[in-house]
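Numbering (my numbering), first residue to last: 57 to 551.
Ideal Cβ placement from N, Cα and C applies to all residues, glycine included.
All figures in this text were calculated on a predicted structure; none of them were measured in a lab.
One structure is given below, encoded as structure tokens.
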């Protein structure tokens, strides 16, 4: 069933006053978007009937999704876009889905924002980002792609980077600033000596010392080292002229992001997921990034590419997607929970789930200062658990979730002096303080589990498929544990 909000938005006239006031024509294909929504709607009953489908992680109504794109905060709304295949449950036919939220918890799905101009030879709107021009007006940019290559894995041709502008004050409808993204992209291929054989795409933007830069992703050598990160600088306030400034650094891959964190920058890109990060400094004069150190943003290969925004409280919030959801029916992949990103005292990233998620808490159970074995009264596959294991230096503690009724099966999170083991994934967390404490923050949402350990020092996102009937929670601990467990309410209402 089509959502009422989307029906109303699609009924808005094609060209709105905003474009006319700007003195330019924006190109918007309402028919292509209508067809895409019909294809999504046809699969909604299948998706809603899947018992493994998350209920408080963001995902579209149905079909395949991947990279988060173009996230920004404006007028009290968090806007997120994402790669969407409205015509299938696997990768292909890349459009941009769109949603917004007041709190990063409850999401309003909006009409598809970007569509490929197939009649002009464009087959995909690949990933990109949002940016504000000198007057504070928002733009979206994506990479135009023709063809899909052998087995839909390697695109045949990258046409260039394409700019879109909003066609209304609420950022619901978007129009391309070119009438032909294949022949006339805003930043065409083959410029500045690049022949674009090396998979150049995924424009990302950042501002430093009042200057606006565009960073591009690149693939081609088979490893991160040796790839270059092409960087451009805007030469006018409308962001229609760009100057190639060379290579920002010599490490590059897909979906780059530059995140400002005080005096430092975090450069993030995805090669052999999870995303790789480097913390360092950026010099606007030379357009060069100097890395100090790096690592991975998560401990799981199921945690994929990221996008971020900065809200009105100055928080840098990171969005990522989780893949593969191999047993999904009618849908495929979802967002990870939004994370607030900061740097710790040692300069390493700290990632915590947005605190607004507490709005979803329902029935509560607390266990305090317990040692031994205990099966909790709370059962479920949509839970939030906060646990503190003390005296872990000598005494391991185990949190068992998705436990079978007889206890013979469970997903085990083990805390010990060497760190945390999340059913096979090691998190190098050191017990802290005189009490040798390890803190866990765990979210269970059907087939998705996310674990934040050590106050966000280490994270892991996993896709799991235990038997549906396994919904128990148990602690088996020689350490002393205190924990809170909440049932979590869904963010979607049945239409």
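Residue i to residue j span [Cα, whole Å]
{"i": "residue 153", "j": "residue 128", "result": "14 angstroms"}
{"i": "residue 450", "j": "residue 189", "result": "57 angstroms"}
{"i": "residue 494", "j": "residue 483", "result": "11 angstroms"}
{"i": "residue 105", "j": "residue 520", "result": "18 angstroms"}
{"i": "residue 486", "j": "residue 438", "result": "28 angstroms"}
{"i": "residue 322", "j": "residue 464", "result": "44 angstroms"}
{"i": "residue 408", "j": "residue 399", "result": "11 angstroms"}
{"i": "residue 296", "j": "residue 173", "result": "21 angstroms"}
{"i": "residue 216", "j": "residue 262", "result": "19 angstroms"}
{"i": "residue 452", "j": "residue 477", "result": "11 angstroms"}
{"i": "residue 546", "j": "residue 122", "result": "21 angstroms"}
{"i": "residue 364", "j": "residue 179", "result": "26 angstroms"}
{"i": "residue 271", "j": "residue 134", "result": "23 angstroms"}
{"i": "residue 293", "j": "residue 516", "result": "41 angstroms"}
{"i": "residue 77", "j": "residue 94", "result": "Unreliable placement is indicated for residue 77, whose pLDDT of 38 sits below 50; no coordinate value is reported for it."}
{"i": "residue 504", "j": "residue 462", "result": "23 angstroms"}
{"i": "residue 317", "j": "residue 523", "result": "42 angstroms"}
{"i": "residue 13", "j": "residue 291", "result": "In this structure the chain extends from 57 to 551, so residue 13 is not present and cannot be described."}
{"i": "residue 501", "j": "residue 116", "result": "16 angstroms"}
{"i": "residue 467", "j": "residue 111", "result": "20 angstroms"}
{"i": "residue 241", "j": "residue 488", "result": "54 angstroms"}
{"i": "residue 434", "j": "residue 422", "result": "10 angstroms"}
{"i": "residue 381", "j": "residue 388", "result": "6 angstroms"}
{"i": "residue 303", "j": "residue 256", "result": "13 angstroms"}
{"i": "residue 138", "j": "residue 146", "result": "14 angstroms"}
{"i": "residue 131", "j": "residue 368", "result": "9 angstroms"}
Simplified DSSP assignment, three categories, for residue i
{"i": "residue 526", "result": "coil"}
{"i": "residue 259", "result": "strand"}
{"i": "residue 73", "result": "Any reading at residue 73 needs caution, since the residue's pLDDT is 32, under 50, leaving its predicted position unreliable; the model's value is listed next. Of the three classes helix, strand and coil, the one that applies to residue 73 here is helix, per DSSP."}
{"i": "residue 493", "result": "strand"}
{"i": "residue 291", "result": "coil"}
{"i": "residue 532", "result": "strand"}
{"i": "residue 299", "result": "strand"}
{"i": "residue 341", "result": "coil"}
{"i": "residue 108", "result": "coil"}
{"i": "residue 174", "result": "helix"}
{"i": "residue 81", "result": "coil"}
{"i": "residue 464", "result": "coil"}
{"i": "residue 241", "result": "coil"}
{"i": "residue 305", "result": "coil"}
{"i": "residue 402", "result": "coil"}
{"i": "residue 450", "result": "coil"}
{"i": "residue 510", "result": "coil"}
{"i": "residue 548", "result": "coil"}
{"i": "residue 383", "result": "coil"}
{"i": "residue 286", "result": "strand"}
{"i": "residue 47", "result": "Within the shown structure, residues of the chain are numbered from 57 to 551, placing residue 47 beyond reach of any answer."}
For residue j and residue i, believed in contact at Cβ under 8 angstroms, the rounded distance
{"i": "residue 359", "j": "residue 384", "result": "No, residue 359 and residue 384 are not in contact; Cβ-Cβ is about 17 angstroms, not under 8 angstroms."}
{"i": "residue 183", "j": "residue 237", "result": "No, residue 183 and residue 237 are not in contact; Cβ-Cβ is about 15 angstroms, not under 8 angstroms."}
{"i": "residue 308", "j": "residue 336", "result": "Their Cβ separation, rounded to whole angstroms, is 14 angstroms, which puts residue 308 and residue 336 out of contact at 8 angstroms."}
{"i": "residue 185", "j": "residue 126", "result": "5 angstroms"}
{"i": "residue 498", "j": "residue 457", "result": "7 angstroms"}
{"i": "residue 512", "j": "residue 441", "result": "Rounded, the Cβ-Cβ distance is 15 angstroms, inconsistent with contact."}
{"i": "residue 361", "j": "residue 311", "result": "4 angstroms"}
The beta strand (DSSP E) enclosing residue i, as first and last residue numbers
{"i": "residue 412", "result": "Taken as a continuous stretch (DSSP letters only), residue 412 belongs to no beta strand (DSSP E), as it is neither H nor E."}
{"i": "residue 267", "result": "267–273"}
{"i": "residue 123", "result": "119–130"}
{"i": "residue 378", "result": "372–378"}
{"i": "residue 179", "result": "Element bounds for residue 179: n/a, residue is neither H nor E."}
{"i": "residue 366", "result": "359–366"}
{"i": "residue 517", "result": "514–519"}
{"i": "residue 313", "result": "310–317"}
{"i": "residue 148", "result": "Unbroken run through residue 148: none, as it is neither H nor E."}
{"i": "residue 200", "result": "194–202"}
{"i": "residue 228", "result": "Here residue 228 belongs to no beta strand (DSSP E), and DSSP marks it neither H nor E."}
{"i": "residue 220", "result": "213–222"}
{"i": "residue 435", "result": "That residue, residue 435, is in no beta strand (DSSP E); it is neither H nor E in DSSP."}
{"i": "residue 485", "result": "First-last for residue 485: undefined, no H or E at that position."}
{"i": "residue 475", "result": "475–478"}
{"i": "residue 320", "result": "320–326"}
{"i": "residue 141", "result": "133–141"}
Delimiting residues of the alpha helix (DSSP H) encompassing residue i
{"i": "residue 97", "result": "86–104"}
Any C-beta of chain B under 7 angstroms from that of residue i
{"i": "residue 386", "result": "Included in the structure is just one protein chain, with no chain B present."}
For the pair the segment 540–548 and the segment 445–454, tell me if three or more CB-CB distances fall below 8 angstroms.
Segment contact: the segment 540–548 against the segment 445–454, fewer than three CB-CB distances shorter than 8 angstroms; contact not assigned.
Are the segment 156–163 and the segment 89–105 touching, with three or more C-beta to C-beta distances below 8 angstroms?
When Cβ pairs closer than 8 angstroms are counted between the two stretches, the segment 156–163 is seen not to touch the segment 89–105, the count staying below three.
Contact between the segment 349–359 and the segment 315–334 (3+ Cβ pairs under 8 angstroms)
yes
At least 3 beta-carbon pairs within less than 8 angstroms: the segment 385–403 vs the segment 364–374
Enough Cβ pairs lie closer than 8 angstroms, so yes.
Cβ pair count under 8 angstroms reaching 3, the segment 165–176 against the segment 131–143
yes
Stretch-stretch touch, CB-based, cutoff 8 angstroms, three pairs: the segment 520–535 with the segment 420–430
Taking 8 angstroms as the limit for Cβ pairs, the verdict is that the segment 420–430 does touch the segment 520–535.
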